[in-house]
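Number of protein chains: 2
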Amino acid sequence: MRKPSEEITTTLARNIRRLRSNQGLSQEQLADKSGLHRTYIGAVERGERNISLSSLEVIASALCVDVPSLLSKPLE
Amino acid sequence: MRKPSEEITTTLARNIRRLRSNQGLSQEQLADKSGLHRTYIGAVERGERNISLSSLEVIASALCVDVPSLLSKPLE
Numbered sequence: 033m034r035k036p037s038e039e040i041t042t043t044l045a046r047n048i049r050r051l052r053s054n055q056g057l058s059q060e061q062l063a064d065k066s067g068l069h070r071t072y073i074g075a076v077e078r079g080e081r082n083i084s085l086s087s088l089e090v091i092a093s094a095l096c097v098d099v100p101s102l103l104s105k106p107l108e
Numbered sequence: 033m034r035k036p037s038e039e040i041t042t043t044l045a046r047n048i049r050r051l052r053s054n055q056g057l058s059q060e061q062l063a064d065k066s067g068l069h070r071t072y073i074g075a076v077e078r079g080e081r082n083i084s085l086s087s088l089e090v091i092a093s094a095l096c097v098d099v100p101s102l103l104s105k106p107l108e
């Protein structure tokens with residue numbers, strides 16, 4: 033199976049970790065909010081998954097951002 | 033399996049069709065450029081697939097845009 037680039041998985045992972053930390057959420061709390069498993073959230077934050085659009089959507093929604101923001105490099 | 037929202041699959045489908053047409057590419061030509069199957073491109077353009085990040089990346093690359101642009105509503 034094809035894998036996403038390290039560039040995009042790293043951007044996604046950093047965005048999720050930053051937004052999650054800023055909102056004071058643990059991986060487990062984000063998992064609960066998004067309906068995904070805690071180990072899956074952990075794998076995405078390590079850039080290990082070829083995530084689907086539906087999972088991107090539930091994570092974005094749980095973090096109160098949209099999907100494009102979750103995949104964009106922060107301006108800072 | 034969870035499905036992505038109609039809102040995001042519609043946005044994605046419209047963006048792919050618009051960019052592909054503007055560049056004078058058929059579905060088959062986009063399939064060749066991206067290394068995906070023509071029937072898969074067709075299904076994505078009908079909003080029928082829960083596309084993975086790696087497939088979003090190869091389609092974005094073939095259309096010379098980034099993944100966030102492919103998932104964003106056009107300004108017009």
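Chains D and Z, in that order, give the protein sequences. Using the working numbering, the final residue of the first sequence is 108, and nothing's skipped along the way. Using the working numbering, the final residue of the second sequence is 108, and nothing's skipped along the way. Yeah, the Cβ is synthetic: ideal placement off N, Cα and C, and Gly gets one too. Just so it is clear, the structure is predicted and the values come from calculations on it, not from any experiment.
Going straight from the alpha carbon of residue i to that of residue j, what length do you get?
{"i": "Glu38/Z", "j": "Gly56/D", "result": "30 Å"}
{"i": "Val99/D", "j": "Gln59/Z", "result": "25 Å"}
{"i": "Leu62/Z", "j": "Thr41/D", "result": "24 Å"}
{"i": "Glu80/D", "j": "Arg34/D", "result": "12 Å"}
{"i": "Asn82/Z", "j": "Leu102/Z", "result": "15 Å"}
{"i": "Pro106/D", "j": "Arg78/Z", "result": "31 Å"}
{"i": "Ser104/Z", "j": "Asn54/Z", "result": "17 Å"}
Rank the options by C-alpha distance to the C-alpha of residue i and give the top, closest one.
{"i": "Thr43/D", "options": "Val76/D, Asp64/D and Glu60/D", "result": "Val76/D"}
{"i": "Leu95/D", "options": "Ser86/D, Gly74/D, Leu103/D and Arg52/D", "result": "Arg52/D"}
{"i": "Arg49/D", "options": "Ser84/D, Ile73/D, Leu85/D and Asp64/D", "result": "Ile73/D"}
{"i": "Val97/D", "options": "Glu80/D, Ser84/D, Lys35/D and Asn47/D", "result": "Asn47/D"}
Would you please verify whether the beta carbon of residue i is less than 7 Å from any beta carbon of chain Z?
{"i": "Val99/D", "result": "yes"}
{"i": "Lys35/D", "result": "yes"}
{"i": "Leu51/D", "result": "no"}
{"i": "Ser93/D", "result": "no"}
{"i": "Leu68/D", "result": "no"}
{"i": "Ile83/D", "result": "yes"}
Determine which residues share a DSSP beta bridge with residue i and list them.
{"i": "Ser84/D", "result": "Ser84/Z"}
Compare the C-beta of residue i against all C-beta atoms of chain D and say whether one is closer than 7 Å.
{"i": "Asn47/Z", "result": "no"}
{"i": "Glu89/Z", "result": "yes"}
Three or more C-beta pairs below 8 Å linking the stretch 89–99 of chain Z and the stretch 55–72 of chain Z
yes
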